Amino acid sequence: MKTIDLSNGLTAELRPAVTEDVYPIVALLADDRLGRTRDRIDGGESLEPYLTAFASIDADPAHQLVVATVDGVVVGTLQFSVLPGLARRGALRAQIEAVRVAGGYRSAGLGAAMINWAIEEAERRECSLVQLTTDKSRADAHRFYARLGFTASHEGFKLAL
Numbered sequence: 509m510k511t512i513d514l515s516n517g518l519t520a521e522l523r524p525a526v527t528e529d530v531y532p533i534v535a536l537l538a539d540d541r542l543g544r545t546r547d548r549i550d551g552g553e554s555l556e557p558y559l560t561a562f563a564s565i566d567a568d569p570a571h572q573l574v575v576a577t578v579d580g581v582v583v584g585t586l587q588f589s590v591l592p593g594l595a596r597r598g599a600l601r602a603q604i605e606a607v608r609v610a611g612g613y614r615s616a617g618l619g620a621a622m623i624n625w626a627i628e629e630a631e632r633r634e635c636s637l638v639q640l641t642t643d644k645s646r647a648d649a650h651r652f653y654a655r656l657g658f659t660a661s662h663e664g665f666k667l668a669l
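The sequence shown maps to residues 509 to 669 in this note's numbering.
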């Protein structure tokens with residue numbers, strides 16, 4: 509899909525996720541201070557809800573789960589979704605979710621390359637806007653997205669069900 513030369517001298521490949529990638533993706537999701545309270549598959553938890561979610565994402569062309577690999581090992585992931593809407597004259601929006609890069613690969617250009625891929629994909633799909641959310645406590649992520657041209661233009665709200 510896309511080859512990424514990293515600043516650490518390694519090369520990553522960005523490609524669509526497959527079922528076998530679900531476990532390492534969940535491991536990435538769980539490998540931070542917020543994710544470890546929400547996602548886990550050790551201690552007897554089942555991978556089944558993640559596999560069910562992956563099957564839904566994979567079956568819908570409006571959504572794409574991608575992974576970045578180095579030497580076949582998953583070291584990054586993001587979910588890309590196209591959302592239709594009536595606002596903005598019926599414009600399509602691209603939504604970026606669940607961006608994660610393994611600790612040893614941060615600051616090597618992988619995250620920026622993944623986001624730039626998502627922006628290019630949004631343009632290819634004729635979206636007029638790319639949006640994402642990040643937890644208010646993630647100051648490093650806020651700086652990262654601002655550096656890539658995103659602006660904190662809205663206040664988001666969530667309701668846990």
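C-beta: ideal position from N, C-alpha, C; glycine also. Remember, it's a predicted structure, so these values are computed and weren't measured experimentally.
Are the CB atoms of residue j and residue i within a distance shorter than 9 Å?
i, j, result
"A602", "V638", "yes"
"V578", "Q587", "no"
"L542", "R646", "yes"
Kindly list the residues whose CB is nearer than 6 Å to the CB of residue i, restricted to its own chain and excluding five residues on each side of it in sequence; keep chain order.
i, result
"H571", "I565 and S589"
"F562", "V530"
"A599", "S636"
"A626", "F588 and I604"
"R523", "M509"
Buried or exposed: where does residue i fall if 16 or more other Cβ atoms within 10 Å of its Cβ makes it buried?
i, result
"T641", "exposed"
"M509", "exposed"
"G584", "buried"
"V581", "exposed"
Here's a check: name, in chain order, each residue in its chain whose Cβ is nearer than 7 Å to the Cβ of residue i, leaving out the five neighbours to either side.
i, result
"T511", "T519 and E521"
"L656", "A620 and I623"
"A616", "L514, S515 and N516"
"F652", "G619"
Who are residue i's beta bridge partners in DSSP?
i, result
"I512", "A520"
"V581", "V578"
"R608", "T585"
Near residue i, which residues of its chain fall below 8 Å by C-beta distance, leaving aside the five closest residues on each side in sequence?
i, result
"D643", "L542 and A649"
"R596", "S636 and L637"
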